[in-house]
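Trainee: One structure follows; several queries about it will come next.
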């Protein structure tokens, strides 16, 4: 399993490629606009890309943002569980427990 940083970057880059984000001269996807949408700061994802960090709450909020805004027809990366999938699993587990 990837580190949380790499999971976040994989989600960001996969999303960006799917929506046609700019490719920088170094071959990397531009993450500034996406970072602004998610974190209200255009530099957060670039900071993570350069070994920076985010809080656990920020990571979870970003995953929720991706889950709700994920491009149709684009597979969710295998590196992390999709929040809506995890919620459905927990709800199913709770229902089974109640029924038992």
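Residue numbers (the working numbering): 213 to 312. Backbone N, C-alpha and C define an ideal beta-carbon position, used for all residues, glycine too.
Under the assumption that residue 256 contacts residue 247 (Cβ atoms under 8 Å), give the Cβ distance between them as a whole number of angstroms.
Mentor: For the purposes of this step, residue 256 is identified with residue 44 of the chain shown, where counting begins at 1. For the purposes of this step, residue 247 is identified with residue 35 of the chain shown, where counting begins at 1. Residue 256 to residue 247, Cβ: 5 Å. Contact.
Trainee: Could you tell me the alpha carbon to alpha carbon distance between residue 303 and residue 237, rounded to whole angstroms?
Mentor: If you number the chain shown from 1, residue 303 lands on position 91. If you number the chain shown from 1, residue 237 lands on position 25. Whole-angstrom Cα-Cα distance: 45 Å.
Trainee: Can you tell which of 300, 224, 219 has the C-alpha that lies nearest to the C-alpha of residue 281?
Mentor: Against the chain shown, residue 281 aligns to sequence position 69. Cα-wise, what sits closest to residue 281 is 224.
Trainee: Using the Cα positions of residue 251 and residue 312, report the straight-line distance between them to the nearest angstrom.
Mentor: Counted from its first residue, the chain shown places residue 251 at position 39. Counted from its first residue, the chain shown places residue 312 at position 100. If I take the Cα positions, the gap works out to 42 Å.
Trainee: Give me, in chain order, the residues of the same chain whose beta-carbon lies closer than 8 Å to that of residue 218; leave out the 5 immediate sequence neighbours on both sides.
Mentor: Indexing the chain shown from 1 puts residue 218 at position 6. Closer than 8 Å at Cβ, skipping near neighbours: 291.
Trainee: Between the beta-carbon of residue 208 and the beta-carbon of residue 216, is there less than 9 Å?
Mentor: Residue numbering for the chain in the displayed model covers 213 to 312; residue 208 lies beyond these limits and cannot be assessed.
Trainee: Taking DSSP's pairing of strands, which residues face residue 241 in a bridge?
Mentor: Indexing the chain shown from 1 puts residue 241 at position 29. Beta-bridge pairing links residue 241 to 235.
Trainee: With distance defined between alpha-carbon atoms, name the residue in 240, 227, 305 nearest to residue 261.
Mentor: For this step, residue 261 is matched to residue 49 along the chain shown. Measuring from the Cα of residue 261, the nearest candidate turns out to be 240.
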